[in-house]
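Input: a single structure, listed below in structure tokens.
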Amino acid sequence: MTPPLTVDMVNSDLYEQASRYTAMFAFHHLRLLAPILAAILMLAGCGGGKNLEVGPFEAGLAALNGDRISEAVDCFAATVQAEPRNGDAFYYLGVSHWLANEPDKAIAAFEKAVLLLPADSEPLEFIAHIIADRNQRAEAEHLLLRAVEGANPGPSAFTALAKLKMNAGEVEQARTRLRQALELDPDYPPALYNLAIIYYRWLGKPDDAAALLKRYLKLEEDNPHTEQARSILEAISKTENQKQQQMRERRMSAIEETKQGLEYYKERNWAKAKAFFEKAIASDDSYYVAHYNLGLTHMVRREWGAAIKSLRTSIAINPAKPEPRYMLARASFESGSAGNAIGELDSLLEIYPDFAKAHFLLGFIYSQDETRTESTRKSYRRYLALQKDGANSEIARKWLADRGSSDGS
């Protein structure tokens, strides 16, 4: 069973994922020179290879690519001594000291890189990472803000800033920064992963988290957080399966309780019918049939306000059904709101222009107002055209005959 993500677990995860892992992404993916050179410098040392004339900078890149960290430090130190204006050399010297667990020396080298490479955000990111590990959060945030507001910020800068915001509990700001990272690179794995953590841990949106984690795993098959990502996906899937099973069970209970309510409704035992429909809604409040029948029960009990509420809920759940809209219009009219009833019927007839009962009810409501004779005549004629022998045909015909009209005129 996957353990729940605690705040501490998320925090420690973010330190590595949004800082060290992000920094390594900057090193390996944004600065592509090292792996390219490494292909031709595999045998090169800091003093050059036997058959190749290479400088200490190129040899340092090859050493970094081969995880020969001490050798890389020596090579880049030699480079900056010979070329004190070489910003890239100071950057890689900082990376080498950082990998050698020499944070103070790394900071000194990165500070030189910042001065020499003012448009590059990565040296600032590394410094921020190091001082954040020392709990100097305010200073780290200041540096990362400089990075993201610079001339050419990368997605790693926004992701590292998001890490600080997450650990400070500023989730919305963190989400904004991660989205900015993904605008720069939609497939940037650290941003995908950490945004998924926000959706899963803080916002309670497992579907959004799962979508991001699936994208992440397609890009990152082997890193320290792959297994955690898979574990979260498994937990989401298991929870979703359990949720679906519970929903099926609740729906079955609601169906059975609604059936019992309908039996009491047929027996005109309105109180028991109402109780069972309410019980069905308690089992599954998304069951349209229970809300609709509860609305009808309220109507026969002349509880117009409650009827209107239940019928509106049934329409919200299943807007495609005409009957709840028609009954809502009837309940509105019976409650004394003819205007609302007319509005509901007009809306219903826009969707279902041939719903005969709606035309009759509309005509009947109009007939209560002598100033709306033409509207009544139009509605009754339309009703008779659709349902010549309907239950209310005689009422419509009599009204038309009394006013010198026939159903065929």
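Each residue of the sequence shown is one higher than the one before, starting from -2 at the first, in the numbering used here. Even glycine gets a Cβ: it sits at the ideal position worked out from N, Cα and C.
Give the straight-line distance between the Cα atoms of residue i and residue j, rounded to the nearest whole angstrom.
i, j, result
"Glu237", "Pro321", "32 Å"
"Asn48", "Pro187", "Interpretation of Asn48 is limited by its pLDDT of 40, a score under 50 that renders its predicted location unreliable; no figure is taken from the coordinates."
"Leu383", "Asp351", "7 Å"
"His288", "Arg174", "43 Å"
"Phe54", "Glu68", "11 Å"
"Ala272", "Ile312", "21 Å"
"Ile392", "Tyr363", "14 Å"
"Gly298", "Tyr380", "Here residue 298 is Arg; the residue named in the question, Gly, does not match the sequence. In a straight line, the C-alpha of Arg298 is about 28 Å away from that of Tyr380."
"Ser332", "Thr310", "18 Å"
"Gln14", "Glu246", "Any answer about Gln14 is weak, because its pLDDT of 37 lies below 50 and its placement is not dependable; what the coordinates show is given next. Each residue's alpha carbon lies about 40 Å from the other."
"Pro152", "Leu140", "15 Å"
"Arg394", "Ser372", "15 Å"
"Asp204", "Gly52", "52 Å"
"Asn337", "Leu179", "48 Å"
"Leu34", "Ala60", "Only weak support exists for where Leu34 lies, its pLDDT of 47 falling under 50; the coordinates are left without a value."
Could you tell me if residue i is buried or exposed, where buried requires 16 or more neighbouring beta carbons within 10 angstroms of its beta carbon?
i, result
"Ile195", "buried"
"Ala115", "This sequence places Pro at residue 115; Ala is not what is there. That one is exposed."
"Leu216", "exposed"
"Ile127", "buried"
"Ala36", "Low confidence applies here, because Ala36 scores a pLDDT of 42, under 50, leaving its location unreliable and the question unanswered by this model."
"Ser376", "buried"
"Asp85", "buried"
"Arg378", "buried"
"Gly292", "buried"
Hey, could you find the ends of the alpha helix (DSSP H) residue i is sitting in?
i, result
"Gln177", "168 to 181"
"Thr294", "285 to 297"
"Arg245", "223 to 263"
"Arg400", "Run containing Arg400: none; DSSP gives neither H nor E here."
"Asp429", "This structure cannot settle anything about residue 429, because the visible part of the chain is limited to -2 through 406."
"Tyr363", "353 to 364"
"Trp301", "301 to 314"
"Asp85", "84 to 96"
Please work out which residues of its chain come closer than 7 Å, Cβ to Cβ, to residue i, disregarding the five sequence neighbours upstream and downstream, and give them in chain order.
i, result
"Glu341", "Arg322, Leu325, Ala326, Ser329"
"Ala137", "Ala125, Ile128, Ala129, Leu161"
"Ala171", "Ala159, Lys162, Met163, Ile195"
Hey, residue i and residue j are a contact pair by Cβ (cut 8 Å); roughly how many whole angstroms apart?
i, j, result
"Glu260", "Ala277", "Not a contact, Cβ separation roughly 13 Å."
"Leu214", "Ala206", "Their Cβ separation, rounded to whole angstroms, is 12 Å, which puts Leu214 and Ala206 out of contact at 8 Å."
"Ala97", "Val70", "6 Å"
"Pro120", "Gly147", "Their Cβ separation, rounded to whole angstroms, is 11 Å, which puts Pro120 and Gly147 out of contact at 8 Å."
"Ala103", "Trp95", "4 Å"
"Leu397", "Arg369", "That belief does not hold up - the Cβ atoms of Leu397 and Arg369 are roughly 14 Å apart, past 8 Å."
"Ala89", "Leu58", "One point to set straight first is that residue 89 is Tyr, not Ala, in the sequence displayed. About 7 Å; that satisfies the 8 Å criterion."
Report all residues from its chain with a CB closer than 8 Å to the CB of residue i; omit the five preceding and five following residues, and keep chain order.
i, result
"Ser250", "Ala277, Ser280, Asp281"
"Leu346", "Phe352, Ala355, His356, Leu359"
"Leu142", "Leu158"
"Asn290", "Thr255, Gly258, Leu259, Tyr262, Ala270, Phe274"
"Thr223", "Leu214, Glu217"
"Ala74", "Leu90"
Should residue i be counted as a contact of the ligand SAM given a C-beta to heavy atom distance under 7 Å?
i, result
"Gly292", "This structure lacks the ligand SAM; in fact it carries no ligand of any kind."
Excluding five sequence neighbours on each side, which residues of the same chain lie with their C-beta closer than 6 Å to the C-beta of residue i?
i, result
"Gln177", "Phe155"
"Pro150", "Ser118, Ala144"
Taking CB distances under 8 Å as the criterion, tell me whether residue i reaches chain C.
i, result
"Asn315", "Protein chain content of the structure displayed is limited to a single chain, and chain C is not contained in it."
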